[in-house]
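So for the sequence shown, our numbering puts the first residue at 435; every next one is plus one. C-beta atoms are modelled at their ideal positions from N, C-alpha and C, and glycine is treated no differently. The block underneath contains the structure these notes are about, expressed in structure tokens.
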Amino acid sequence: MGTNGSTMLEPLRQGLPPLDPAAVSNAASCALPPRFEAVREARGFTRRTLDGWGMGDRFDDVCLVVSELVTNALRHALPADTPRGSEHNGPVRLHLMRWPERLVCAVRDPSHDSPVARETDDFSAESGRGLFLVDSFSDSWGWHPLAGTLDGKVVWALFRLGRPGGGTGPAYE
435 MGTNGSTMLE PLRQGLPPLD PAAVSNAASC ALPPRFEAVR EARGFTRRTL
485 DGWGMGDRFD DVCLVVSELV TNALRHALPA DTPRGSEHNG PVRLHLMRWP
535 ERLVCAVRDP SHDSPVARET DDFSAESGRG LFLVDSFSDS WGWHPLAGTL
585 DGKVVWALFR LGRPGGGTGP AYE
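Here is the structure:
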């Protein structure tokens, strides 16, 4: 399949890169309540999960991306009348999935609106830079609408991992 100029205009709406669901090494997810404290809860969940997978060394980058994706979901993807103090299982869900050489974090939310990276030259601005940070700290990212009984979309970010055993030893061509 060839590429054309129009694909450059919509780099965000794409499914995950080919990853065999049967080959996933580990997967974990948690529901997040519709309040901004959920970002802290998502960071704690990410820390515990990565530590359990022996991947604590990747925590800083992954946690920054998780924080931005969850913040965006809470800020932009929930209806304005969503009760923010609610303790019920939230409409936002964080998924962490690990393959031998890939880690994916994905945030599901109920909105059909595409994520938009807003242009801003004001680097002290409080918002508008989240997707630029996601793009900078992950190897790739995108989003896709949900199908079937689930409503909304998933925004995901992919991190490449070193080969099992680390980067020590001779380099192979």
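Residue i burial status per 10 Å Cβ neighbour count (16 or more: buried)
i           : result
residue 503 : buried
residue 467 : buried
residue 470 : exposed
residue 486 : exposed
Residue i to residue j span [Cα, whole Å]
i           : j           : result
residue 520 : residue 484 : In this predicted model, residue 520 has a pLDDT of only 46, less than 50, meaning its place in the structure is not dependable; the value taken from the coordinates is given anyway. Roughly 28 angstroms between the two C-alpha positions.
residue 648 : residue 590 : Any answer about residue 648 is impossible in this case: the structure gives the chain only from 435 up to 607.
residue 548 : residue 574 : 16 angstroms
residue 492 : residue 584 : 30 angstroms
residue 489 : residue 550 : 30 angstroms
residue 512 : residue 505 : 11 angstroms
residue 594 : residue 456 : 18 angstroms
residue 541 : residue 588 : 5 angstroms
Delimiting residues of the beta strand (DSSP E) encompassing residue i
i           : result
residue 543 : 536–543
residue 593 : 587–594
residue 528 : 526–533
residue 579 : 574–579
residue 461 : 460–466
Beta-carbon spacing of residue i, residue j below 9 angstroms
i           : j           : result
residue 498 : residue 473 : no
residue 526 : residue 581 : no
residue 529 : residue 586 : no
residue 568 : residue 453 : no
Nearest to residue i (by Cα), restricted to the options the options
i           : options               : result
residue 462 : 453, 495, 456 and 532 : 532
residue 572 : 482, 458 and 501      : 501
residue 544 : 536, 576 and 510      : 510
residue 477 : 496, 536, 566 and 596 : 496
residue 494 : 458, 480 and 535      : 480
residue 458 : 475, 536, 486 and 482 : 536
For residue i, the first and last residue of its enclosing alpha helix (DSSP H)
i           : result
residue 472 : 472–486
residue 564 : 564–571
residue 501 : 493–506
Any non-hydrogen atom of the ligand SAM within 8 angstroms of residue i CB
i           : result
residue 508 : In terms of ligand content, the structure shown is empty, and the ligand SAM therefore cannot be addressed.
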